[in-house]
Structures are given as C-alpha cells and as structure tokens.
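**Student:** Here's a structure for you.
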Amino acid sequence: SLAEIEKHLPSILWQLEEPAWTSLESWFVSKLARQGIKVALAGVGGDELFAGYFPYSHIFRMESFKQFMGPFAKPTGMLAGFIDKLLPDNLKRNPPGSSLHRYATIENLDYASAYFFLRSTFTDDEKKVLFTPDFMKEIKGLSSLGYVQDLMRKTPTDGYIDKFASFDIQNYLAADLLRHLDSMSMAHSLETRVPLLDHRLVEFILGLPDDMKLRNGESKFIFKKAIDDYIPDEIKARKKVGFVFPMKKWMRTEFSPEITRVLKSERFYQRGIFSPGCVNRLLQSYIAGDESQWLRLWSILSVELWARMYIDSDGTNPKEVGFRDFVE
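The sequence shown lines up with residues 971 to 1298 when you count with the numbering used here.
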C-alpha cells in the first residue's frame, strides 16, 4: 500500500547502497515470501535470453515495416522526421506522438544507437543540460552512448538480438537486476535462486537462431512452446505487464510535496550535480500532467536521497524513519 511505501522507502533505498529506481517491489515480495519460506525461485533472465524487452520487438516491427514499404521506406522516414520536428516535446514523449518520434529518430541509426535511444533515461546531449558545468568537467570524456556502442561492437554477430542480449546480460542483468534482487531478498534473510540463469541453459539459448526467440514480433517464442503443456494459452498470450508499483502516479499526487521540497532545497542545489533550472522544468512539466517525466525525476531524486544517507550522514539504516520525515 501507499502507507507501507512511505514507511519503508528510506530503508529500502539504504539497502540498495546505490542510487536506483527499481527493486521496491522485490523488497515487499521478499518480505511476504519470508513469512512462509526460506528459499525462493525468481524468473530473472527470461527477458534477456528470450528477447523479451521492448527494444527487441520494436526494432523487429520497424525493420518489417521498412521491408514492406520497399522503395517508399525512405520518403516515409523523411516525412516522419518532418512531422516530428513540428511536435512539441510533451507530445514526443507520450502516445501517439511518441511512436512517431521513435520511428523518426531511430530509422537510420545503427543498432547500438537505436538501443540506447529506446532504453536510456537521458541521452548524452540531455545530460549536458541536466548536469551543472562543474559536474560536466568531472565526467569529461565519458559517454553513455559510446559505452553501449563499444560493448555491442565486441559482440561477434551482426544481428541485433544477440547484440542487445549481450549488452543486457552484461549490464542490466548483472549490475542491476541480480544485485538488487539479492539486496532486497537478503534484507529479509530470503535466499533467491534463478534457474533460468543456469550456465548450461544460458549457453544453449544464446546459441539458438534469432527466430526461435523472437518470431513474427512474438518474444519468448521457444520458451512459450516449451511450456505449452503446463501454462494456459490465456496466460502465455496476454500482454506483457511490468512488475512495478504506480510510482508515476504517487509521485505526482501523494508524494508531490515531499519530492518538490527535496528538488527545490538549498541542500540539493549546493550538491552541484544537477542544474536547478533543468530539474525545475522537469518537475513543473511532471506536476502539470506529463507522467513520462516520472522516471527522470525518480532517478534524480534517488541520487539525492542516496547522497543524504551515505555522504551527508554516517550511513546508518533509517529503518525507523518514514519518507516524509526523512526529507524534512
């Protein structure tokens, strides 16, 4: 519930030991599971192995569309680009304008650049505005896009599915999902195991042809076939739903005063990481109804809350302090 989120949020962020936007859900599920068991199984790895994330199916649809359009694909892309330039930013971030914006932006990009655009919270150009000039000097020469391009360049295949999977496994899976799952489950002394990441299964799946993972736009094709006799069709065929709390709504409503207080505080400005003007524009856009900004604001907020726990104080777990009291 919202009340439980408010009560435990500082402690959850403390358990992660780093700025992060994910894993709140895992903390609560682990807490509930630990009431009856000591060891749990998690399905982590399925999206990385079986092309389950949005960029995989999006690139498939775009390439299929361009193939269908044939000689008309290029002028169609030019028209999309022209219309996209006329759209205000809030329409580019929300349906239906976001679909046009994605097509116009990535139609001529290499796979690494397209992946980065589809997955990034901030582009490198946006970070130049988001960060203060002094902080930009500290990270001079670092490029998130360059990092993605370098890793995908090392993938020994030309297909985008293998390139995306390799990057996801090395980064999102290893550095984010697995680490955070371990932190959230062990916060309740719950051991979590990940059977889909048995190295023999991983090696086998990565060696399969692309169309065994993504066929005609359907992700996890071979996985679904393997469980045909065990899982009803209505479950296998239903639309993919993310495992998330409605934070985008709560941040704009119930938590709005606290978030505004943090991101407009002198303490936040004095930290010297984020540009106050840029953050204020994001905040005002979000409060006005542009929910597409929620993840950007949560990412910024998590950095500030982490800094208050681990830089400004002695790093003690604020487990007895609710979110509203913590940001006072």
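Where a beta carbon is used, it is the ideal one built from N, C-alpha and C, also for glycine.
(1) Where Leu-1160 and Trp-1220 are concerned, what is the direct C-alpha to C-alpha distance, given to the nearest angstrom?
(2) Buried or exposed, going by whether 16 or more other CB atoms sit within 10 Å of the CB of Ala-1074?
(3) Tell me whether Phe-1087 sits in a helix, a strand or coil according to DSSP, three-state version.
(4) So, using beta-carbon positions, are Glu-987 and Tyr-1280 closer together than 9 Å?
(5) How should Leu-949 be labelled, buried or exposed, when 16 other C-beta atoms within 10 angstroms of its C-beta is the threshold for buried?
(6) Would you please state the rounded distance, in angstroms, between the beta carbons of Phe-1191 and Met-1182? I believe it to be under 8 Å.
(7) Who are the near neighbours of Val-1273 in its chain, counting only those whose CB is closer than 6 Å to its CB and skipping five residues on each side?
(8) Let's test the definition: count the other Cβ atoms within 10 Å of the Cβ of Ile-982 and tell me whether it reaches 16, buried, or not, exposed.
(9) Just to confirm my understanding: we take Asp-1260, look at its own chain, exclude 5 residues before and 5 after, and list those with CB closer than 6 Å. What are they?
(10) Taking only three categories from DSSP, how would you classify Phe-1244?
(11) Assuming Leu-1070 contacts Ile-1053 (C-beta within less than 8 Å), just tell me the rounded distance between them.
(12) Can you pull the DSSP bridge partners for Phe-1101?
(13) Apply the 10 Å Cβ neighbour rule to Val-1297 and answer buried if 16 or more other Cβ atoms are within range, or exposed otherwise.
(14) Would you check if there are 3 or more beta carbon pairs closer than 8 Å linking the region 1155-1172 to the region 1021-1033?
(15) So, helix, strand or coil for Thr-1127, using DSSP?
(16) What's the C-alpha gap between Lys-1195 and Asp-1146?
(17) How long is the line joining the alpha carbons of Ala-1012 and Lys-1055, rounded to whole angstroms?
(18) Are Val-1249 and Leu-1233 touching if we call contact CB-CB under 9 Å?
(19) DSSP has Glu-1161 in a bridge; who is on the other side?
(20) Taking the alpha helix (DSSP H) that Tyr-1023 falls in, what are its first and last residues?
(21) Ignore the nearest five residues each way along the sequence and tell me which others in Ser-1000's own chain have a CB closer than 8 Å to its CB.
(22) Verify whether the separation of the beta carbon atoms of Val-998 and His-978 is less than 9 Å.
(23) Are the beta-carbon atoms of Leu-1253 and Leu-1267 separated by less than 9 Å?
**Tutor:** Based on what the coordinates show:
(1) 28 Å
(2) Per the 10 Å Cβ criterion, buried.
(3) helix
(4) yes
(5) Residue 949 falls outside the range modelled here, since the chain spans only 971 to 1298, and no answer is possible.
(6) Right, the Cβ-Cβ distance comes to about 6 Å (below 8 Å), so this counts as a contact.
(7) Pro-989
(8) Looking at its Cβ environment, which holds 16 or more other Cβ atoms inside 10 Å, Ile-982 is buried.
(9) Asn-1060
(10) In this structure, Phe-1244 counts as strand in the three-state DSSP scheme.
(11) The Cβ separation is near 6 Å, so the contact holds.
(12) Phe-1244
(13) buried
(14) no
(15) coil
(16) 29 Å
(17) 43 Å
(18) yes
(19) Residue pairing by DSSP places Glu-1161 opposite Val-1009 in a beta bridge.
(20) Premise fails: Tyr-1023 is in no alpha helix (DSSP H) and is neither H nor E.
(21) Ala-1010, Met-1154, Ser-1155, Ala-1157, His-1158, Leu-1160, Thr-1162
(22) Rather than Val, the amino acid found at residue 998 in this sequence is Phe. Yes, Cβ-Cβ distance for Phe-998 and His-978 is below 9 Å.
(23) Less than 9 Å divides the Cβ of Leu-1253 from the Cβ of Leu-1267.
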